[in-house]
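In the numbering used here, the protein residues as written are 49 to 279.
Ideal placement from N, C-alpha and C gives every residue a C-beta, glycine not left out.
The structure displayed is predicted, hence computed values, not measured ones.
These notes concern the structure reproduced below.
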Amino acid sequence: MRKILFALITGIYAGHAFAQQISPAGIYAASGSGSANGASIDWILGNINMQAAFSAFPVRLISFNAFASEPGRAQLHWKTAVEWNNKGFEIQKSLDVKVFEKIGWVDAASNADNETDYAFADDHFITTSYYRLKQLDDDGHFSYSRIVSLIPDKEKVENLKVFPNPSPDGNIQIVLPEKTREMKIMSAGGSLLKQKSNPETRQLFRLPAAGLYLIRIKTVSEEKTLKVVRE
Numbered sequence: 049m050r051k052i053l054f055a056l057i058t059g060i061y062a063g064h065a066f067a068q069q070i071s072p073a074g075i076y077a078a079s080g081s082g083s084a085n086g087a088s089i090d091w092i093l094g095n096i097n098m099q100a101a102f103s104a105f106p107v108r109l110i111s112f113n114a115f116a117s118e119p120g121r122a123q124l125h126w127k128t129a130v131e132w133n134n135k136g137f138e139i140q141k142s143l144d145v146k147v148f149e150k151i152g153w154v155d156a157a158s159n160a161d162n163e164t165d166y167a168f169a170d171d172h173f174i175t176t177s178y179y180r181l182k183q184l185d186d187d188g189h190f191s192y193s194r195i196v197s198l199i200p201d202k203e204k205v206e207n208l209k210v211f212p213n214p215s216p217d218g219n220i221q222i223v224l225p226e227k228t229r230e231m232k233i234m235s236a237g238g239s240l241l242k243q244k245s246n247p248e249t250r251q252l253f254r255l256p257a258a259g260l261y262l263i264r265i266k267t268v269s270e271e272k273t274l275k276v277v278r279e
């Protein structure tokens, strides 16, 4: 007689993506057997000790955000839903999204399957910055969070201003965000009248004739176009 033995262990899978969503309290044990058409089956629903089953239980990050709490200070917040064998979080920062450097460390709270909140303050936030978390397990394994960016008010494209607008004689003054990388002044038809890289924050320009014009700027991470009219 052919005999088949298999174990049904609810929710258990070798990959972390499935393991991290299992609640140890929800797993129970049962067993049974049966036969039909020359084959017999023994089955087991096992009672699993989750901490013993995984030497390095994954961390499930459900949010990671950054905001400027005050000038020169960036506040980072993140939240986890599951943590087992988590050593902690290395906070990394970059100014170009290419090279990241460690700026701090936060120890893990504890092994838990409930939500845990974390926070870290960067007191050297002076320009557009990019942050990520490097989560380390007790056994040395690690993973990275998504990258979040933070722009100081002085560098936001909302600072682009043109006055007077409309202009009665064509003379305008343009106020740019700090660290603007490129500025273009174009006619409504797309003809380029002026282009400048890394311009100063204040520019003077004379619109050549009555009509509609476009001023387009690019910063490190944003773009904006503003309409200007000469009467």
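For the beta strand (DSSP E) holding residue i, just list the boundary residues, first then last.
{"i": "Ser-117", "result": "108–118"}
{"i": "Trp-153", "result": "149–155"}
{"i": "Val-196", "result": "196–198"}
{"i": "Phe-173", "result": "Segment: none, Phe-173 is in no beta strand (DSSP E) and carries neither H nor E."}
{"i": "Trp-126", "result": "121–130"}
{"i": "Asp-185", "result": "177–185"}
{"i": "Ser-235", "result": "230–235"}
{"i": "Gly-259", "result": "259–266"}
If we count the other Cβ atoms within 10 Å of its Cβ and call it buried at 16 or more, is residue i buried or exposed?
{"i": "Ser-215", "result": "buried"}
{"i": "Glu-131", "result": "buried"}
{"i": "Pro-119", "result": "exposed"}
{"i": "Val-210", "result": "buried"}
{"i": "Ala-257", "result": "exposed"}
{"i": "Asp-171", "result": "exposed"}
{"i": "Ser-245", "result": "exposed"}
Please work out which residues of its chain come closer than 6 Å, Cβ to Cβ, to residue i, disregarding the five sequence neighbours upstream and downstream, and give them in chain order.
{"i": "Gly-218", "result": "Arg-254, Leu-255, Arg-278"}
{"i": "Ala-167", "result": "His-125"}
To the nearest angstrom, how far is it from the Cα of residue i to the Cα of residue j?
{"i": "Asn-213", "j": "Val-276", "result": "6 Å"}
{"i": "Leu-181", "j": "Gly-152", "result": "10 Å"}
{"i": "Gly-136", "j": "Gln-183", "result": "6 Å"}
{"i": "Ala-160", "j": "Ser-191", "result": "19 Å"}
{"i": "Ile-220", "j": "Ala-156", "result": "55 Å"}
{"i": "Ser-197", "j": "Ala-129", "result": "23 Å"}
{"i": "Val-268", "j": "Asn-113", "result": "19 Å"}
{"i": "Glu-230", "j": "Leu-252", "result": "15 Å"}
{"i": "Arg-108", "j": "Pro-200", "result": "30 Å"}
{"i": "Pro-72", "j": "Asp-185", "result": "Any reading at Pro-72 needs caution, since the residue's pLDDT is 35, under 50, leaving its predicted position unreliable; the model's value is listed next. The alpha-carbon atoms of Pro-72 and Asp-185 are separated by roughly 20 Å."}
{"i": "Pro-225", "j": "Tyr-261", "result": "20 Å"}
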